[in-house]
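Residue numbers (UniProt numbering), protein chains in the order written: chain A, 1 to 164; chain B, 1 to 164; chain C, 1 to 164; chain D, 1 to 164; chain E, 1 to 164; chain F, 1 to 164.
Note that CB positions come from ideal geometry on N, CA and C, so glycine has one too.
Here the structure comes first, spelled out in structure tokens, and everything after it is commentary.
6 protein chains.
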Amino acid sequence: MADFTHFNHEGRAKMVDVSDKPETTRTAVAHSSITVNREIYEKVTGNLMKKGDVLSVAQVAGIMACKKTSEIIPMCHPIPLTGIDISFSWEEEEADYRLNIETMVKTKGNTGVEMEALTAASAAALTVYDMCKAVDKGMVIGKTYLVEKTGGKNGDFKRETPLK
Amino acid sequence: MADFTHFNHEGRAKMVDVSDKPETTRTAVAHSSITVNREIYEKVTGNLMKKGDVLSVAQVAGIMACKKTSEIIPMCHPIPLTGIDISFSWEEEEADYRLNIETMVKTKGNTGVEMEALTAASAAALTVYDMCKAVDKGMVIGKTYLVEKTGGKNGDFKRETPLK
Amino acid sequence: MADFTHFNHEGRAKMVDVSDKPETTRTAVAHSSITVNREIYEKVTGNLMKKGDVLSVAQVAGIMACKKTSEIIPMCHPIPLTGIDISFSWEEEEADYRLNIETMVKTKGNTGVEMEALTAASAAALTVYDMCKAVDKGMVIGKTYLVEKTGGKNGDFKRETPLK
Amino acid sequence: MADFTHFNHEGRAKMVDVSDKPETTRTAVAHSSITVNREIYEKVTGNLMKKGDVLSVAQVAGIMACKKTSEIIPMCHPIPLTGIDISFSWEEEEADYRLNIETMVKTKGNTGVEMEALTAASAAALTVYDMCKAVDKGMVIGKTYLVEKTGGKNGDFKRETPLK
Amino acid sequence: MADFTHFNHEGRAKMVDVSDKPETTRTAVAHSSITVNREIYEKVTGNLMKKGDVLSVAQVAGIMACKKTSEIIPMCHPIPLTGIDISFSWEEEEADYRLNIETMVKTKGNTGVEMEALTAASAAALTVYDMCKAVDKGMVIGKTYLVEKTGGKNGDFKRETPLK
Amino acid sequence: MADFTHFNHEGRAKMVDVSDKPETTRTAVAHSSITVNREIYEKVTGNLMKKGDVLSVAQVAGIMACKKTSEIIPMCHPIPLTGIDISFSWEEEEADYRLNIETMVKTKGNTGVEMEALTAASAAALTVYDMCKAVDKGMVIGKTYLVEKTGGKNGDFKRETPLK
């Protein structure tokens, strides 16, 4: 049975020693979403044709938060990220619309980037909420989870079916 | 029909002018959750009796992230928060366990603290994920949403029934 | 003759005491620019029709840097900004094109926001450089200066003619 | 007997609600020091005549860290500081030299600035260590403590005799 | 006689060029402490049995501040830390109680982590002060110093006897 | 014709993948300036003989901002900088005085440091403005540009003649 690695012999949190882990290319993909009503959906997608739009602000927010991950998650190692990308897609969900957010993060470092991918996805979803909350505060950020991870000695991870 | 307020006349994002909004006491309550397997549940709750534990790290993470909200959410105003609290509760969910996270944020400022409450909830959930991911990367962060908001001229908001 | 106010009796820098200055509405407008070649101009303006573009990233960068001003400028007071806006306009300049950047910042605080407006303008210009430097590293960020300032006991400031 | 105020009903840390505390002028003075050998003393004080010196870097570091206090101390409220000053004085201590560091912080806010003054003093001392550690790593940062505090409903505090 | 390395030819501070230093594993151990009265001692140690406690907040604070070292200490290089741990122990000191704080930091980088270890120790001590200051503002943070350092071309450092 | 590299297939900004770029030593030199009136010039240069001065604060500000570049410029990679230096020189400019600011940044990383050098130069210039604005708000920050860049597969860059 795997053990928690984030605790020291006094039972208190520590930032795990990764000095002996190899520097390899590692990737992680995470997913989040936000469900909005039709009015917001139309405004957001209508703005896509304009110069600025909700999704491009969310994109920047996700990327910048990704780089802040080790400041937000206490036991996360600061690592030099080598690539971050975020993509969006819309899906109808009964009377509402769900914006799917998928983030992809890469590093050449000695620890994985799962938290970076998850943090980017959360920040992008929160930013969409912020940009649209003047219209409706009832939006709901959907399930947020790791989709895939490669690299590192603990093996890869892949979630076969998307969650709603 | 309410308009997006985060865009200027060129269609680009701006940080809305709130100079004329009154400085009043405002509160917001947000909810998130994370579903973990039995092994993690037992380890986390078992640690509650020890000196350090997953939830106290998540608590600190949520509070510190809350204070960083205007650095994470691009169009959020920096405001002096006057109080932040986070509480946790466990619930069985079929074979798994859901940790409910509820955040409460207060300010005496000229804009609301919905984003601060939501950011605190997300950061707390992400931190639980980080602390437990050595055991299982399949954990899922549940729906994240605003529960309640008071203060400010736009009226209060209250979600009547909790979401799963 | 006005004195430097940022030094203490030992001749060392201090953050000036503004406790007794009134909390009033204060605004500042600053200007910067960046001159780019025709190829970059065409790519940037061509992208305006797409979902994301250089200028919307620069807009977000300027706003976020503006909120970081007191972390970047050592003797700047941290103040709660109430509004930030940035606008862009293009101008031909011989064979090249100059992107003018104008920032407007507001606060209800006890010190002015000149540095916030200037920092936002610089960050927006630097971001345009970053986004376009794969095409040409010879871009030049133009003069950066205060255009206008209102509020506060020291009187208003207005630069009558724009600088190139 | 006064109670810890930084814990919620679950026994976990919270950022105390200060919404009802009055906004008044509050000050705090803190003290730290660092003891260095004669070689470092002579180099540092000799540099005082030059354009840059160890103490002016430490001064800037203390002021900037002071503004970061609520990012460093988890349960600290973010408050708009209105003034920060730091002064230095040297004292012989047997074969060595002690640099005394005194910080003074002011706010017009609804909570005190003790932590801000202490954080500024610590950061200034740490910076002196950093600037001089190529010469000797045996420097010792001395006792760090609150000297005085005014403002707020809990009354003033004053330590009568300096500590070594 | 070793020279200050943090100054350029104009006598002003610079961040030293470490490009040619080898990337090796480096460690540093630092020590700080805080002396509290019996009432605080009993409250803090009594809380050890509860879910959250002063020391676990201080632990998180020390680790997060450690990752911020290069933002707090002006001439410090940003380096990817590979491990951080903090341990606490109590000691009676006449009528009072001293909490000893020991931090251990590791990197695989081209410069040492002395400042990171010292910053973590200071931040942990400051956080204990913050969490307990509602009971007594007379607490004193004790001497803060480097205990040990390994790795790097300048040789190891070890302080033989602990300081009080 | 070189392409913008900061956009993904949806036309939105991304942080470019540099995982496959070699880790080599890279340098960048950037230039900015600020033109001040005679009164400010005399005060600033007169202070050079004192313990603290405008330029040493600007020096620290430039170095600290340089380390924050990836937080300020959205698509910039976080990279471990190995050296930062800034130098100043004065030049008469008709009735006024221009302070030239030159920054030099080094890394051993897989992407260049042009943005770091430019950001340092801008922050230093902004800090001089801040320190002197009580005397005259009409100061103008001059052209800011890349002077030279070495390392990396895209070849070196060198601007032959300085700009005014």
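**OP:** Pull up the CB-CB distance for Thr-144 (chain E) and Ala-121 (chain E), whole angstroms please, since I reckon it's below 8 Å.
**Re:** 6 Å
**OP:** Following the continuous alpha helix (DSSP H) through Glu-114 (chain E), name the residue where it begins and the one where it ends.
**Re:** 114-132
Original post:
So which residues on chain E does Cys-76 (chain D) lean against when the C-beta distance must stay under 7 Å?
Top reply: Asp-130
Original post:
Does the beta carbon of Val-140 (chain A) come closer than 8 Å to any beta carbon on chain C?
Top reply: no
Original post:
Mind checking if Ser-122 (chain C) is an interface residue toward chain A, Cβ cutoff 8 Å exclusive?
Top reply: no
Original post:
With 16 other CB atoms within 10 Å as the buried threshold, where does Ser-89 (chain E) fall?
Top reply: exposed
Original post:
Roughly how many angstroms lie between the CA atoms of Glu-114 (chain F) and His-9 (chain D), to the nearest whole one?
Top reply: 52 Å
Original post:
Tell me, which residues are paired with Met-33 (chain E) by DSSP?
Top reply: The question names Met, but residue 33 (chain E) is Ser in the sequence shown. DSSP, once it has assigned bridges, lists E:Asn-100 as partnering Ser-33 (chain E).
Subject >> Inter-stretch contact at 8 Å, needing at least 3 Cβ pairs: the stretch 142-162 of chain A / the stretch 65-76 of chain A >> reply: no
Subject >> Separation of Arg-98 (chain C) from Gly-155 (chain E), as counted between CA atoms >> reply: 54 Å
**OP:** For Phe-157 (chain B), collect the residues of the same chain with a Cβ closer than 7 Å to its Cβ; drop the 5 residues on either side in sequence, then sort them by chain order.
**Re:** Leu-146, Glu-148, Lys-149
Subject >> Interface residues of chain E facing residue 173 (chain D) [CB-CB closer than 7 Å] >> reply: Look at the range of chain D in this structure, 1 to 164, and you will see that residue 173 (chain D) is not part of it.
**OP:** Could you have a look at Lys-149 (chain C) and say whether DSSP puts it in helix, strand or coil?
**Re:** strand
Original post:
Buried or exposed: where does Arg-26 (chain F) fall if 16 or more other Cβ atoms within 10 Å of its Cβ makes it buried?
Top reply: buried
Original post:
Quick one: is Leu-81 (chain F) near chain E, going by C-beta distance under 8 Å?
Top reply: yes
Subject >> Distance, Asn-100 (chain E) Cα to Ala-30 (chain E) Cα >> reply: 11 Å
**OP:** Would you identify the three-state DSSP class for Leu-81 (chain B), choosing helix, strand or coil?
**Re:** strand
Subject >> Beta-carbon proximity list for Thr-119 (chain F), same chain, < 8 Å, skipping 5 on both sides >> reply: Ala-65, Cys-66, Lys-68, Thr-69, Ile-72, Ile-73
**OP:** Check residue 202 (chain E) in the structure and name its three-state DSSP category.
**Re:** Given a span of 1 to 164 for chain E in the structure shown, any question on residue 202 (chain E) remains unanswerable.
**OP:** Name the residue from C:Lys-153, C:Ile-40, C:Lys-106, C:Thr-161 whose alpha carbon lies nearest to the alpha carbon of Ala-95 (chain C).
**Re:** C:Ile-40
**OP:** Compare the beta carbon distance of Pro-80 (chain C) and Pro-162 (chain B) with 8 Å and say whether it is the shorter of the two.
**Re:** no
Original post:
Between the C-alpha atoms of residue 176 (chain E) and Thr-127 (chain E), what's the straight-line distance to the nearest angstrom?
Top reply: With chain E running from 1 to 164 in the structure shown, residue 176 (chain E) is simply not present.
Original post:
Within 8 Å (strictly less), CB to CB, does Leu-55 (chain A) reach chain B?
Top reply: no
Original post:
What are the residues that DSSP puts in a beta bridge with Arg-26 (chain E)?
Top reply: E:Thr-107
Original post:
Mind checking if Val-29 (chain A) is an interface residue toward chain C, Cβ cutoff 8 Å exclusive?
Top reply: no
Subject >> Buried or exposed by the 16-neighbour rule on C-beta atoms within 10 Å, applied to Lys-164 (chain E) >> reply: exposed
Subject >> Secondary structure of Ala-58 (chain A), DSSP reduced to three states >> reply: helix
**OP:** Identify whether Thr-45 (chain F) lies in helix, strand or coil by the three-state DSSP scheme.
**Re:** helix
Subject >> Proximity below 8 Å, CB of Gly-142 (chain C) to CB of Ile-34 (chain C) >> reply: yes
**OP:** Name, in chain order, the residues that DSSP records as bridge partners for Thr-144 (chain E).
**Re:** D:Ile-141
Subject >> Cβ distance (whole Å) where Thr-111 (chain D) is taken to contact Val-18 (chain D) below 8 Å >> reply: 5 Å
**OP:** Using a cut-off of 8 Å between C-beta atoms, extract the partners of Met-15 (chain F) located in chain E.
**Re:** Neighbours of Met-15 (chain F) on chain E: none; closest Cβ ~17 Å, over 8 Å.
**OP:** Check the Cβ-Cβ distances between Val-135 (chain D) and every residue of chain B, and say whether any is below 8 Å.
**Re:** no
Subject >> Neighbour list for Val-60 (chain E) in chain B, Cβ cutoff strictly below 7 Å >> reply: Val-57, Val-60
Original post:
Taking 8 Å as the CB-CB cut-off, is Arg-26 (chain C) touching chain D?
Top reply: no
Subject >> Interface flag, Met-1 (chain A) vs chain F, CB-CB below 8 Å >> reply: Only weak support is given to the placement of Met-1 (chain A): the predicted model assigns it a pLDDT of 36, under 50, and the value that follows is read from those uncertain coordinates. With 8 Å as the cut-off, Met-1 (chain A) does not count as an interface residue toward chain F.
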